[in-house]
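K.L.:
Note that the numbering used here numbers the sequence shown so that position 97 is 100, with each residue one more than the last.
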Amino acid sequence: MGDVKHTIRIASTRSGLSAHVIRVWEKRYVGIQPDRTQTNRRLYSEEDIEKLRLLKQATDLGCRIAHIAHLDIPALVDLLAKVRRDQPDATNGNGIQLVSDLPDTWSAENAVTQLMRHTRDLDQEGFHRSLSEATVRLGHQGMLCDVVAPLTRLIGQSWEKGQMTIPQEHAASAALKSFLFSTIKPFGNASAAPKILIATPSDQLHEIGAVMVTAMAASLGWKTYFIGSSVPAHEIAAAAKQKSVHAIALSLVYPHGDPQVVKDLEDLRASLPEGFPVLVGGQAQGSYAKALKSIRAIRCQTLPDLQQSLRTLQSSLSA
Ligand code: B12
Numbered sequence: 004m005g006d007v008k009h010t011i012r013i014a015s016t017r018s019g020l021s022a023h024v025i026r027v028w029e030k031r032y033v034g035i036q037p038d039r040t041q042t043n044r045r046l047y048s049e050e051d052i053e054k055l056r057l058l059k060q061a062t063d064l065g066c067r068i069a070h071i072a073h074l075d076i077p078a079l080v081d082l083l084a085k086v087r088r089d090q091p092d093a094t095n096g097n098g099i100q101l102v103s104d105l106p107d108t109w110s111a112e113n114a115v116t117q118l119m120r121h122t123r124d125l126d127q128e129g130f131h132r133s134l135s136e137a138t139v140r141l142g143h144q145g146m147l148c149d150v151v152a153p154l155t156r157l158i159g160q161s162w163e164k165g166q167m168t169i170p171q172e173h174a175a176s177a178a179l180k181s182f183l184f185s186t187i188k189p190f191g192n193a194s195a196a197p198k199i200l201i202a203t204p205s206d207q208l209h210e211i212g213a214v215m216v217t218a219m220a221a222s223l224g225w226k227t228y229f230i231g232s233s234v235p236a237h238e239i240a241a242a243a244k245q246k247s248v249h250a251i252a253l254s255l256v257y258p259h260g261d262p263q264v265v266k267d268l269e270d271l272r273a274s275l276p277e278g279f280p281v282l283v284g285g286q287a288q289g290s291y292a293k294a295l296k297s298i299r300a301i302r303c304q305t306l307p308d309l310q311q312s313l314r315t316l317q318s319s320l321s322a
């Protein structure tokens, strides 16, 4: 096959995969990384496109992308032959529908419902699978905003109504954190990447918001340092100095209006250089509005707000 290289649009048309899915697979799996132009645009060889085409066929027939992304073209051809032999019904040769021809009922709302079912069934594997699928469908940031954020709200509501047991909530929180951390590795490791430290201050034990912020920042190309929950101000400041980060993000969820948190916020500002960016989010932030104003924190209500704030910070850093 020749040396001609193609854009992602051509790779998408010829492989049958959307450009979005191609980019998500590239981020998540080894073995589908195209060349880049000097301006960092993706360039696909004939082999790359052939591999994407075969991966599309194999995933349509039910193979999991995580299991097959690393295979080369001959191995994929063998695999497809074997799958078609083992599941003759999946091929179109005798007029029976291909899996890819079936109506696609996937939606973010259905994914959240499915994740709630996995939570109730204590099915951590299913939980992981549904989140992986959401990432492929929506991309990493879409999965965080459209699936994980509503899911944590629903879990909270079920818990409040007494419809969720402690094991169900704990298992879901553990699965969520482990999945989100597993998605962080591919992003933000370039030596020039801006750096951010993420924590919750004293007595703030809920950490999923902080983990979501970590995943989102990593996805936007930041090198992230997540140092966990209930970290005293002087320790946060010391870790920020140790890693020479460019910003700190704090998540405030529960309790509301705690004087210890107010003191932590003031101590933190006093330990940082003038104007150092401190981003604050989480559902309890409103109850700390006065303290946040006095420490000149950048308040973010939602993950899209965070995307915006990090992009602004990033461009001010590179200016
Ligand atoms: C998991 C969970 C737990 C776990 C925590 C496990 C862990 N290691 O984190 C455990 C079981 C320990 C727990 C305990 C409790 N919990 Co709890 N918990 C939750 C749950 C389901 C998710 C928690 C979470 O991390 N949320 C944080 C994020 C995901 O949500 P968020 O604050 O809305 O943040 C959003 C944005 O603001 C943004 N964001 C968050 N942080 C940041 C930071 C920055 C910088 C930016 C930019 C953005 C950002 O991201 C989110 C995206 O949607 C919530 C439900 C919920 N909706 O949050 C209840 C919830 C927070 N818990 C609640 C309660 C009452 C408790 C307990 C008091 C229960 C009890 N009776 O013991 C204890 C308190 C423990 C303590 N001392 O703090 C209540 C709080 C109610 C209130 N008045 O605030 C909630 C809301 C459930 C409910 N609906 O009743 N909980």
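Cβ atoms here follow ideal geometry from the backbone N, Cα and C, with glycine treated the same way.
1. Can you list, in chain order, the residues of its chain with a C-beta nearer than 6 Å to that of Val374? Leave out the 5 residues immediately preceding and following it.
2. So, is Pro37 buried or exposed, given that buried needs 16 or more other C-beta atoms within 10 angstroms?
3. Counting beta carbon pairs with one atom in the stretch 55-70 and one in the stretch 21-41, are three or more of them shorter than 8 Å?
4. Name the residue from Val234, Thr217, Tyr228, Ser185 whose alpha carbon lies nearest to the alpha carbon of Ser205.
5. Tell me whether Leu125 sits in a helix, a strand or coil according to DSSP, three-state version.
6. For ligand 1, I want to know if Ile239 counts as a neighbour, meaning its beta carbon is within less than 7 Å of at least one of the ligand's heavy atoms.
7. With a threshold of 16 other CB atoms inside 10 Å of the CB of Asp336, please say whether the residue is buried or exposed.
8. Compute every distance between the C-beta of Val283 and the non-hydrogen atoms of ligand 1, then say whether any falls below 7 Å.
9. Count the other CB atoms, across all protein chains shown, that sit within 10 Å of the CB of Asp89; report buried if there are 16 or more and exposed otherwise.
10. What are the boundary residues of the alpha helix (DSSP H) that includes Ala292?
11. So for Pro307, helix, strand or coil by DSSP?
12. What residue range does the beta strand (DSSP E) around Ile251 cover?
13. Going straight from the alpha carbon of Gly65 to that of Thr108, what length do you get?
14. State the Cα-Cα distance for the pair Asp308 and Leu223, rounded to the nearest angstrom.
15. What separation, rounded to the nearest whole angstrom, lies between the Cα atoms of Ser15 and Lys30?
16. Among the residues of its own chain, which have a CB less than 8 Å from the CB of Pro106, if the five just before and after it don't count?
17. One question on the structure: do Met167 and Ser161 come within less than 8 Å of each other, judged by their Cβ atoms?
18. Can Gly260 be considered in contact with ligand 1, in the sense that its beta carbon sits closer than 7 Å to one or more heavy atoms?
19. Just confirm the distance between the C-beta atoms of Val283 and Leu253, as a whole number of angstroms; I'd bet it's less than 8 Å.
20. For a quick check, are the C-beta atoms of Pro153 and Leu125 less than 8 Å apart?
21. Would you mind giving the Cβ-Cβ distance between Tyr291 and Val265, rounded to the nearest angstrom? I have them listed as a contact below 8 Å.
22. How would you call Leu208, buried or exposed, if buried means at least 16 neighbouring beta carbons within 10 angstroms?
23. Looking at C-alpha atoms only, which residue of Ile158, Ser135, Leu157, Ser232 is the closest neighbour of Thr186?
24. Is Glu210 close to ligand 1? I mean its beta-carbon at under 7 Å from any heavy atom of the ligand.
25. Shorter than 7 Å, the distance from the beta carbon of Ala250 to the closest heavy atom of ligand 1, or not?
P.N.:
Quick look at the numbers:
1. Outside the shown range of the chain, which is 4 to 322, sits residue 374, and nothing can be said about it.
2. buried
3. Segment contact: the stretch 21-41 against the stretch 55-70, three or more CB-CB distances shorter than 8 Å; contact assigned.
4. Val234
5. coil
6. no
7. Lying before the first or after the last residue shown, residue 336 is absent from the chain, which here runs from 4 to 322.
8. yes
9. exposed
10. 292-297
11. helix
12. 250-254
13. 16 Å
14. 13 Å
15. 16 Å
16. Confidence at Pro106 is low in this model, with a pLDDT of 45, below 50, so its placement is unreliable and the value that follows should be read with caution. Hits under 8 Å: none found.
17. yes
18. False, no ligand heavy atom lies under 7 Å from that Cβ.
19. 5 Å
20. Taking C-beta atoms as the reference points, Pro153 and Leu125 fail to come closer than 8 Å.
21. Your pair Tyr291 and Val265 checks out as a contact, with CB atoms roughly 6 Å apart and the cut at 8 Å.
22. exposed
23. Ser135
24. yes
25. no
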